[in-house]
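Here the structure is laid out as structure tokens; the discussion comes afterwards.
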Amino acid sequence: MKIKLTFWRVVFAVIMTLGIYSTIIRYFRGLGAVSNMSDQFPWGFWIGFDCLCGVMLAAGGFCIVGAVYLFNVESLHSVVRPAVLTAFLGYVLFIVGLLFDLGRPWFIWHQLIYMNPHSVMFEVGMCVMTYTTVLFFEFLPNVFERFNLNWPTKIIKKIYPVLIVLGILLSTLHQSSLGSLYLIMPSKLHPFWYSPALPFFFFGSAVAVGLAMTIFESTQSAKALGRQLELSVLVRLGGALLVALWVNALLRFEDFFHRGLLGQIIKPSYEAYFLWLELTLSFVIPITLLSFKKVRLSPSGLYLASVISLFGFITNRLNVALIGFETYVGHHYVPKWTEFSVTLMIVAMGFFLFGVAVKYLPIFPEEKPTERLLRQLKPEALVGTPVLTHAGD
Amino acid sequence: MSKALLYDATMCIGCKQCESACAEQNKLPYDDTVAAESEQSAHKFTVVKTMDGKFMRRLCMHCETPACASVCPVGALHKTKEGPVVYDVWKCIGCRYCMTACAFSQPKYEWNALNPRVRKCIMCPDRIAAGKQTACAEICPTGATKFGEREDLIKEAKQRFADNPTNYIPRIYGLTEVGGTSVLIISDENPEQYGYLSAAKVGDTPMPEYTGKVMERIPDFIPVWSLVLGGIYWISHRREEVAAAEAAEEKAKQGGE
């Protein structure tokens, strides 16, 4: 077998090589050698990105499952599987990330025996562990179907209501609790980001990100698999995203107003620049874009708005985890290249596993043979039509 | 009754004997290089800071309700009834939440170790159990660091303010800060100048209360939210069932005609 050299495969190989090098440094030279974390910055880029952003980006699973199974939004049925897959991979990779960040990862199981119920971290840990198990069961039918096994799927179907309710309950708890982690640091975290409402912000933005992420991944995989985009689905998600962004934006505004910070946030300062960047990317641009019907009905418009908002919320998490502490600490924290390299490796693994799963498992619904034939004969013919037929949805 | 330390900066002569006694007690290296280090670290639990010929000690404050103990997911840190906040290394998973949560940034980390530990002053619990003073208090030649019952030390501090009002800013740092600490600091300067967070900034609220407000709701939240979600599921699927049953009935009727 010959492996074709493509641009992305080369990139992947480079990322993996550097990542493995950094991994070796991490486990044989220690956290100090692999990262720029210090006693002043005990939580660095791995907590900010791998943990906070990782869990946030995996929120699509519970959002879509909730919409489809709790609220019967039938039209979203076709994205349940990719959303659950993304979530499952997201959580597994989050745990992989933790194994890098924890100082004594070999004792991670201590969580199960030395429990401290007062600790937010304990709650997050338990929720994430249980939820990953739930996601595993929600994902399993894909595998059974692939091998034409019906009876195990039937068993899982029986407990499906429990899985769904449990999944959403656990997600509500730990998505918000990731924000609660910072409630105990009122004197350290900059007031732009320290708010008693942090758990609400973290939960609210997770819902928005869940929707944006579903748009992103279905567009991306449609492109990769050379498939037709289900535009009616994207349009639905786009509408919901717009609402979610508005709710989040209003919550944030209300919080700034309530804490009398409106005057401060418009004054230029180091923190203000990062706040502006965050608010512009997560709210101003995507809300403006999505307010145009033309954008809401175009796949590329929806894709663009989603990706920009994703960058906005990633900026938010990094602001909370890193930028917000710099004034207290008194100096800047810039991650070492090996920290980025480990994160990149984990993200690349995510893309790779997603690609493999989509290729070998029935994640996306089968295309009707006639459709495929038509598209192959006249690719451009089909691209435009669904826009019009589903425009009214 | 719990034990505490009273540090009186006006009596300190900056001899750093507390530093070396602490190092010896905790089996840490101590030489001129370490003595010259002005910041605490995994190998320096306490430091005597110097500024314009005046001194200020820094060490773990041993809070009455410690943030570090409340945030530790595996309960590796806890406050003993004698006063010290101690660390069980064998439980620790290395999440470093204690370090970020501590308002005084006291826990330090062995960044270059392969099985790293959190390090901080643990207030010599073994010595206290044996009825002795902490190593730093025992060696202090001037009595600037004094060991005793917290209540007695507070009385003593107030007495010193009364006896020499011009010598002090009459405020005990640690009396009410973060709900009170077992290390009490008095001085003729503001401890803030030496890296202590201002009293206004740390506040008097015990740190665990900030998260407690949220955490205490969770036991109620879980059953309520499960019921709501389960209810929504039941209703939306009930509708489906009804629709399916009606459709089947309709079909049966049509088939019968």
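Residue numbers (this note's numbering), protein chains in the order written: chain A, 1 to 393; chain B, 1001 to 1257. Ideal Cβ placement from N, Cα and C applies to all residues, glycine included. Keep in mind that this is a model prediction, so the values were computed, not measured.
**OP:** List the whole-angstrom C-beta distance separating L394(A) from A208(A), where the pair is believed to meet the contact cut-off of C-beta under 8 angstroms.
**Re:** With chain A running from 1 to 393 in the structure shown, residue 394(A) is simply not present.
Original post:
If we cut at 8 angstroms on Cβ distances, does D39(A) have a partner in chain B?
Top reply: Closer than 8 angstroms: yes.
Subject >> Beta-carbon contacts of A33(A) that lie in its chain and below 6 angstroms, excluding the five residues immediately before and after >> reply: These residues qualify, in order along the chain: I25.
**OP:** Please confirm if E123(A) has its CB atom under 8 angstroms from at least one CB of chain B.
**Re:** yes
**OP:** May I have the straight-line CA-CA distance separating T1176(B) from K1155(B), to the nearest angstrom?
**Re:** 14 angstroms
**OP:** Note down the Cα distance separating I287(A) from I1185(B), rounded to an integer number of angstroms.
**Re:** 53 angstroms
**OP:** Find out if the Cβ-Cβ distance for the pair I1218(B), E123(A) is shorter than 8 angstroms.
**Re:** yes
Subject >> V1089(B) versus L289(A) - alpha carbon distance >> reply: 53 angstroms
Original post:
Do you know offhand how far S1020(B)'s Cα is from Q1040(B)'s?
Top reply: 13 angstroms
Original post:
Taking 8 angstroms as the CB-CB cut-off, is W337(A) touching chain B?
Top reply: no
Subject >> Cβ of S1041(B) within 8 angstroms of any chain A Cβ >> reply: Yes, its Cβ sits closer than 8 angstroms to a Cβ of chain A.
**OP:** Pull up the CB-CB distance for C1136(B) and T1142(B), whole angstroms please, since I reckon it's below 8 angstroms.
**Re:** Rounded, the Cβ-Cβ distance is 12 angstroms, inconsistent with contact.
Original post:
Any Cβ of chain A within less than 8 angstroms of the Cβ of M1123(B)?
Top reply: no
Subject >> Under the three-state DSSP convention, the category Y1087(B) falls into >> reply: Correct three-state label for Y1087(B): strand.
**OP:** May I have the straight-line CA-CA distance separating T327(A) from H190(A), to the nearest angstrom?
**Re:** One Cα belongs to T327(A), the other to H190(A), and the distance between them is close to 7 angstroms.
Original post:
Quick one: Cα of Q1254(B) to Cα of A1247(B), how far?
Top reply: 10 angstroms
Subject >> Contacts that N1115(B) makes with chain A (C-beta to C-beta distance below 7 angstroms) >> reply: R104, listed in chain order.
Original post:
Could you give the distance in angstroms between the alpha-carbon of M1011(B) and the alpha-carbon of T1050(B)?
Top reply: Approximately 13 angstroms, taken between the alpha carbons.
Original post:
Using a C-beta cutoff of 8 angstroms, does A33(A) count as contacting chain B?
Top reply: yes
Original post:
So with Cβ pairs under 8 angstroms, would you call T327(A) a contact of chain B?
Top reply: no
Original post:
Does any residue of chain D bring its CB to less than 8 angstroms from the CB of G1143(B)?
Top reply: Of the protein chains in the structure, A and B, none is chain D.
Original post:
Span of the beta strand (DSSP E) holding E1149(B)?
Top reply: 1145 to 1149
**OP:** Return the chain-ordered list of same chain residues with a C-beta closer than 6 angstroms to the C-beta of N1190(B), the five sequence neighbours on each side being excluded.
**Re:** none
Original post:
Got a sec: is the Cβ-Cβ distance from V120(A) to anything in chain B below 8 angstroms?
Top reply: yes
Original post:
Opposite L1077(B) in the DSSP bridges: which residues?
Top reply: Note: L1077(B) sits in a beta bridge opposite Y1087(B).
Original post:
L304(A) and L234(A) look like a contact to me (Cβ under 8 angstroms); what is the Cβ gap, rounded to whole Å?
Top reply: With a Cβ gap of about 12 angstroms, L304(A) and L234(A) do not count as contacting.
Original post:
Using a C-beta cutoff of 8 angstroms, does S187(A) count as contacting chain B?
Top reply: yes
Subject >> Assigned secondary structure, K293(A) (DSSP; H/G/I helix, E/B strand, else coil) >> reply: helix
**OP:** Just the C-alpha distance for D255(A) and N248(A), rounded to the nearest angstrom, thanks.
**Re:** 11 angstroms
**OP:** Check the Cβ of P161(A) against every Cβ in chain B and list those closer than 9 angstroms, keeping chain order.
**Re:** Within chain B, the residues near P161(A) are G1230, Y1233, W1234, H1237.
**OP:** For L52(A), name the three-state secondary structure that DSSP assigns.
**Re:** helix
Original post:
Residues of chain B with a CB under 7 angstroms from the CB of I164(A): which are they?
Top reply: Y1233
Subject >> Whole alpha helix (DSSP H) elements within the segment 1020 to 1070 of chain B, 4-residue minimum >> reply: For the segment 1020 to 1070 of chain B, whole alpha helix (DSSP H) runs of length 4 or above, ordered along the chain, are 1032 to 1036.
Original post:
Between D50(A) and E1151(B), what straight-line distance do the alpha-carbon atoms span, to the nearest angstrom?
Top reply: 47 angstroms
Original post:
Taking 8 angstroms as the CB-CB limit, is S1070(B) close to chain A?
Top reply: yes
Original post:
What residue range is occupied by the uninterrupted beta strand (DSSP E) comprising Y1007(B)?
Top reply: 1003 to 1008
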